[in-house]
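In our numbering, each residue carries its 1-based index in the sequence shown increased by 29.
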Amino acid sequence: MSPNSTPIKIGIVGVGKIVRDQHLPALAKDRDYQLAAAASRHGKVDAIPNFPTIEAMLDAVPELDAVSLCMPPQFRYDAARTALEAKKHVFLEKPPGATVSEVEALKSLATRNGVTLFASWHSRYAPAVEAARKFLGSTTIRSAAIIWKEDVRRWHPNQEWIWQPGGFGVFDPGINALSIATHILPAMFITSAVLDFPENRDAPVAARVAFRTSAGLPVTMDLDWLQTGPQSWDILAETDAGKMLLSGGGSKLAIDGRIVHEEPEAEYPLLYRRFAEIVRAGVSDVDLAPLQHVADAFMLGKRNVVDAFFD
Ligand code: NAP
């Protein structure tokens, strides 16, 4: 925070797992923010005023400068619109919305109202992502593979929204991989996809996606939500300078088996640094490439019905 700037008064909306795990600790340590209120139907944050809705929060605490919207993506647009129309800066959790066009509409609304919209992609701030981007930019890539396999029962227990239309299913973690891939690999587009839908759910539990870059480079993505035991959040690339492995969701970089970058993660503190920076600069940061790929996978993907899923 520069010596002359006052802290950004922020309200948090949709108090659930990610707010408790990441947003509250990151905000508590950042002197550029004052957490002034929260809005959630059931969740509460200690030691600040709590409200049942964003409308009630904005009425009661008009001095808020910004809001962080952390509810599931299907329920984020109305809250974002309300906040932008009230001329508040808006931080959107990932994915920024349930459709590409609603986020485009929010982007225009933010510009019209002279406030900042931030489509946050936390995995892009994982510690080894910039090193991977630099490495790939310095060599010729031959092919790449994204392997994102985790246990939904362990990471998303009893989250019904994630299985509903607009909840993204396995693309909820998969979009984190795409937020890294679209940052470190050349621009690409989907050529085929197969999505496995449990017979009792409206969102996929696994997906296999093939991409091609404009230079014809093949990129594959394998998403699986039923992975027990070791979890994989890896991006591999075959390059002229060796085999790259970006593992641990972007936290560790190895070239030909030798670790070249590893440090503790600080994704959410960095996200809030970035938000403060763009609020102070009066600009927005809304990259829709990861969301567009998910939309394309649903548009082009073959639907495969698999065994029912029970928590
Ligand atoms: P969550 O634990 O289910 O919390 C979301 C909160 O949003 C709920 O507790 C709920 O609080 C509120 N909400 C408002 N309207 C809702 C509705 N109609 N249905 C369900 N909840 C509603 O989910 P989360 O894991 O925090 O995830 C929220 C967002 O953060 C998602 O976009 C997710 O992709 C992202 N995210 C999650 C993680 C993670 O590890 N969990 C990591 C990074 C990003 P009230 O009932 O009090 O309103």
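Just so you know, even glycine gets a beta-carbon here, dropped at the ideal spot from N, CA and C. For clarity, every value in this text was computed on a predicted model and none was experimentally measured.
7 Å CB neighbourhood of residue i in its chain, flanking five on each side removed
{"i": "Gly277", "result": "Trp262"}
{"i": "Arg70", "result": "Pro81"}
{"i": "Glu84", "result": "Thr111"}
{"i": "Asp269", "result": "Thr168 and Thr169"}
{"i": "Lys46", "result": "none"}
{"i": "Asp59", "result": "Pro298 and Tyr301"}
{"i": "Met217", "result": "Phe240, Arg241, Thr242 and Val248"}
{"i": "Val90", "result": "Gly40, Ala65, Ala66 and Pro78"}
{"i": "Leu274", "result": "Asp263, Leu265 and Ala283"}
{"i": "Thr220", "result": "Ala239, Phe240 and Arg241"}
Cut-off 6 Å between Cβ atoms - residues of its own chain near residue i, not counting five sequence neighbours on either side
{"i": "Pro156", "result": "Ser280, Glu292 and Glu294"}
{"i": "Gly203", "result": "Trp177 and Leu252"}
{"i": "Pro342", "result": "Since the first and last residues shown for the chain are 30 and 340, residue 342 lies out of range."}
{"i": "His322", "result": "Leu207"}
{"i": "Pro194", "result": "Asp231"}
{"i": "Tyr106", "result": "Gly126 and Glu131"}
{"i": "Met250", "result": "Ile175 and Val238"}
{"i": "Leu87", "result": "Ala115"}
{"i": "Pro215", "result": "Thr242"}
{"i": "Val223", "result": "Arg237, Lys331 and Asn333"}
{"i": "Asn229", "result": "Ala337"}
{"i": "Trp254", "result": "Val181, Val199 and Val234"}
{"i": "Glu122", "result": "Cys99"}
{"i": "Leu138", "result": "Leu113"}
{"i": "Tyr62", "result": "Pro36, Ile37, Ile39 and Leu56"}
Bridge-paired residues (DSSP) for residue i
{"i": "Val96", "result": "Gly40 and Val119"}
{"i": "Asn333", "result": "Asp225"}
{"i": "Tyr355", "result": "For residue 355 there is no data in the structure shown, the boundaries of the chain being 30 and 340."}
{"i": "Gly271", "result": "Thr268"}
{"i": "Ile209", "result": "Looking at the DSSP assignment, Ile209 forms no beta bridge with any residue, so it has no partner."}
{"i": "Phe240", "result": "Ile219 and Val248"}
{"i": "His290", "result": "Leu282"}
{"i": "Leu255", "result": "Asp180"}
{"i": "Asn79", "result": "Ala67"}
{"i": "Asp314", "result": "Phe147"}
{"i": "Ala173", "result": "Val248 and Ala266"}
{"i": "Ser261", "result": "Lys178"}
{"i": "Ser276", "result": "Lys281"}
{"i": "Ala235", "result": "Asp225 and Asp253"}
Cβ neighbours of residue i in the same chain (closer than 8 Å, five flanking residues each side left out)
{"i": "Ile288", "result": "Lys281 and Leu282"}
{"i": "Asp201", "result": "Pro124, His185 and Ile191"}
{"i": "Asp94", "result": "Ile37, Lys38, Ile39, Lys117, His118 and Val308"}
{"i": "Val129", "result": "Leu317, Leu320, Gln321 and Ala324"}
{"i": "Leu53", "result": "Ile41, Leu64 and Val74"}
{"i": "Arg141", "result": "none"}
{"i": "Val144", "result": "Leu113, Lys116, Lys117, His118 and Val119"}
Contact test: residue i Cβ vs ligand 1 heavy atom, cutoff 6 Å
{"i": "Gln260", "result": "no"}
{"i": "Ser280", "result": "no"}
{"i": "Glu122", "result": "yes"}
{"i": "Gly45", "result": "yes"}
{"i": "Gly126", "result": "no"}
{"i": "Ser313", "result": "no"}
{"i": "Phe338", "result": "no"}
{"i": "Ser72", "result": "With the sequence shown as reference, residue 72 is identified as Gly, and Ser is not the correct amino acid for it. Result yes, Cβ under 6 Å from ligand 1."}
{"i": "Trp150", "result": "no"}
{"i": "Pro101", "result": "yes"}
{"i": "Trp192", "result": "no"}
{"i": "Ser69", "result": "yes"}
{"i": "Gln256", "result": "no"}
{"i": "Gln321", "result": "no"}
{"i": "Gln188", "result": "yes"}
{"i": "Asp424", "result": "Nothing can be reported for residue 424, as the shown portion of the chain is limited to 30 through 340."}
{"i": "Asp201", "result": "yes"}
{"i": "Phe80", "result": "no"}
{"i": "Phe147", "result": "no"}
{"i": "Phe304", "result": "no"}
{"i": "Phe226", "result": "no"}
{"i": "Phe164", "result": "no"}
{"i": "Phe104", "result": "yes"}
_Those runs of the beta strand (DSSP E) which lie wholly inside the region 121 to 164 and span at least 3 residues_ = The beta strand (DSSP E) runs lying completely inside the region 121 to 164 and spanning 3 residues or more are 146 to 148, given in chain order.
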